[in-house]
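Chemist: For the sequence shown, my numbering assigns the number 39 to the initial residue and increments by one for each residue that follows. Each residue gets a CB set at the ideal place from its N, CA and C atoms; glycine is no exception.
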Amino acid sequence: MPGKEDELLRRSFRIAGHQTSLSMERAFWDEFRTLAQADGRSMTDLIAEIDTQRTAGLSRAVRVYILKRLQTAARCQGEAP
């Protein structure tokens, strides 16, 4: 939605048998959904994987994951140094 990219959204997931929720801006959720679909995975599955590797809060870890994926894609396309 135009103008709504910075709207904070909370989503709930069940990870390792526990209910958890994450808050991120709409733009991050949209990109995360796109990355999960590109991998043929559900967002829950991808969040569970990130959860096992994180050293910080889960929302922060997901945002960093998104950034790293986008940076890698840009480098592969020659768009980033």
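Taking the continuous alpha helix (DSSP H) assigned at T58, which residues delimit it?
Modeler: Careful: T58 lies outside any alpha helix (DSSP H), inside the beta strand (DSSP E) at H56 to E63.
Chemist: Are at least three pairs of beta-carbons, each pair with one atom in the segment 66-80 and one in the segment 90-104, less than 8 Å apart?
Modeler: Judged by Cβ distances under 8 Å, the segment 66-80 makes contact with the segment 90-104, as three or more pairs qualify.
Chemist: How many angstroms separate the CA atom of M81 from the CA atom of Q75?
Modeler: 8 Å
Chemist: Would you decide whether L46 is buried or exposed? Buried here means 16 or more other CB atoms lie within 10 Å of its CB.
Modeler: exposed
Chemist: Give the straight-line distance between the Cα atoms of A94 and G116, rounded to the nearest whole angstrom.
Modeler: 30 Å
Chemist: Report the option in L73, F51, I88 and S61 whose CA atom is closest to the CA atom of L108.
Modeler: L73
Chemist: Helix, strand or coil: how does DSSP classify M79 here?
Modeler: Contrary to the premise, residue 79 reads as Arg rather than Met in this sequence. If DSSP states are grouped into helix, strand and coil, R79 belongs with coil.
Chemist: Would you kindly report the start and end of the unbroken alpha helix (DSSP H) that includes R92?
Modeler: That residue, R92, is in no alpha helix (DSSP H); it is neither H nor E in DSSP.
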